[in-house]
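Take a look at the structure set out below.
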Amino acid sequence: MAFISLLRFSQIPNSRPAILNAKQPYRAASSFSSPFLAFPIKPLPVPECGGSSRKKFSTVAARMSSSPTPATDRLASAAAYALPFFNALPYGRFLLSQYPSLRFLFEPLIPLLSLYHSIPFASFVAFFGLYLGVVRNPIFSDYVRFNAMQAVTLDVLLALPVLFAKIFNPGRSGLGLKFTVWGHHAVFVFGCFCFVYAFLSCVLGKTPYLPFIADAAGRQV
Numbered sequence: 001m002a003f004i005s006l007l008r009f010s011q012i013p014n015s016r017p018a019i020l021n022a023k024q025p026y027r028a029a030s031s032f033s034s035p036f037l038a039f040p041i042k043p044l045p046v047p048e049c050g051g052s053s054r055k056k057f058s059t060v061a062a063r064m065s066s067s068p069t070p071a072t073d074r075l076a077s078a079a080a081y082a083l084p085f086f087n088a089l090p091y092g093r094f095l096l097s098q099y100p101s102l103r104f105l106f107e108p109l110i111p112l113l114s115l116y117h118s119i120p121f122a123s124f125v126a127f128f129g130l131y132l133g134v135v136r137n138p139i140f141s142d143y144v145r146f147n148a149m150q151a152v153t154l155d156v157l158l159a160l161p162v163l164f165a166k167i168f169n170p171g172r173s174g175l176g177l178k179f180t181v182w183g184h185h186a187v188f189v190f191g192c193f194c195f196v197y198a199f200l201s202c203v204l205g206k207t208p209y210l211p212f213i214a215d216a217a218g219r220q221v
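When we follow full-length UniProt numbering, the leftmost residue of the sequence shown carries the number 1, and every step to the right adds one.
Below you can see the structure in the form of structure tokens.
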């Protein structure tokens with residue numbers, strides 16, 4: 001009886017699983033699996049960095065260039081750049097005083113400037129009118145909305161020198177006055193160049209691209 005009991009005990013299979021079979025080659029798993037998890041853990045994808053603004057602008061430009069631009073969209077887009085242009089003209093007071101012969105270029109705009117400055121808070125009204133009434137309005141085409149947003153961004157950029165001058169107060173004489181005059185010259189020439197380039201591009205039905213400004217505008221459209 002003792003021999004039969006020992007024989008039965010020796011026939012019980014080993015319940016412990018084999019940890020590693022040396023005959024089977026090692027295979028690297030693409031995902032980690034655990035007996036405590038119902039699903040394997042897979043590595044997370046690495047996000048792409050950089051170039052998002054340029055891709056966004058390329059997508060907007062592709063949508064705008066898919067069809068010819070109507071004349072109404074061209075005129076509306078060209079008129080949007082009048083806001084930063086009017087706000088850039090005060091920076092030219094030093095340049096126009098030094099070169100009075102340049103004043104005849106801006107004499108046709110005197111009636112429009114007088115009307116613009118006669119309206120209280122005209123700059124703020126035009127700014128929020130473009131942003132809320134055109135940029136955020138899906139009724140307008142992507143071409144008009146992009147140019148309106150680019151004009152609004154340019155207007156904000158042109159307002160920064162005034163804020164810096166009020167904060168740092170460079171002075172009205174000496175080296176501070178020279179820096180003020182040079183800064184006004186640079187901002188005035190930059191604003192006029194952007195207006196002429198954007199205005200002619202919109203009239204011709206092309207998309208004006210202002211570096212860095214267009215990238216910021218493309219993310220909002």
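Yeah, the Cβ is synthetic: ideal placement off N, Cα and C, and Gly gets one too.
Requested in this report: Can you check the segment 128-196 for any alpha helix (DSSP H) of at least 4 residues that lies completely inside it and give the ranges in chain order?
Outcome: Runs found: 142-168.
Query - For residue 205 and residue 199, the rounded distance between their alpha carbons - result: The alpha-carbon atoms of residue 199 and residue 205 are separated by roughly 10 Å.
Requested in this report: Kindly indicate the opening and closing residues of the alpha helix (DSSP H) around residue 114.
Outcome: It spans 110-118 - the alpha helix (DSSP H) in which residue 114 sits, taken as one unbroken run.
Requested in this report: Compare the C-alpha of residue 203 against each of 67, 112 and 74 and name the closest.
Outcome: Among 67, 112 and 74, the Cα nearest to that of residue 203 is on 74.
Report task. Report the option in 124, 183 and 185 whose CA atom is closest to the CA atom of residue 156. Result -> Nearest in C-alpha terms to residue 156, of all of 124, 183 and 185, is 124.
Query - DSSP three-state assignment for residue 210, whether helix, strand or coil - result: Correct three-state label for residue 210: coil.
Query - DSSP three-state assignment for residue 67, whether helix, strand or coil - result: Secondary structure of residue 67 (DSSP, three-state): coil.
Query raised in the report: Are residue 112 and residue 89 touching if we call contact CB-CB under 8 Å?
Result: Residue 89 sits away from residue 112, with the two beta carbons spaced by 8 Å or more.
Query raised in the report: Exposed or buried, residue 87, counting other C-beta atoms within 10 Å across all chains shown (16 or more means buried)?
Result: Buried: at least 16 other Cβ atoms inside 10 Å.
Report task. Starting from the Cα of residue 77, find the closest Cα among 147, 196 and 142 and give me that residue. Result -> Comparing Cα-Cα distances from residue 77 to each of 147, 196 and 142, the minimum goes to 147.
Requested in this report: Please classify residue 106: does DSSP put it in a helix, a strand, or coil?
Outcome: Residue 106 falls in the coil class under three-state DSSP.
Query raised in the report: Would you report the Cα separation of residue 72 and residue 143, rounded to the nearest angstrom?
Result: The alpha-carbon of residue 72 is positioned some 11 Å away from that of residue 143.
Report task. Compare the C-alpha of residue 213 against each of 152, 189, 171 and 188 and name the closest. Result -> Comparing Cα positions, the closest option is 152.
Query raised in the report: Expressed to the nearest angstrom, what Euclidean distance is found between the alpha-carbon atoms of residue 95 and residue 171?
Result: Whole-angstrom Cα-Cα distance: 18 Å.
Query raised in the report: Below 8 Å between beta carbons: does that hold for residue 220 and residue 135?
Result: Note that the C-beta distance between residue 220 and residue 135 is below 8 Å.
**Report entry** For residue 99, the three-state DSSP class (helix, strand or coil)
**Finding:** In the structure shown, residue 99 sits in coil (DSSP, three-state: anything other than H, G, I, E or B).
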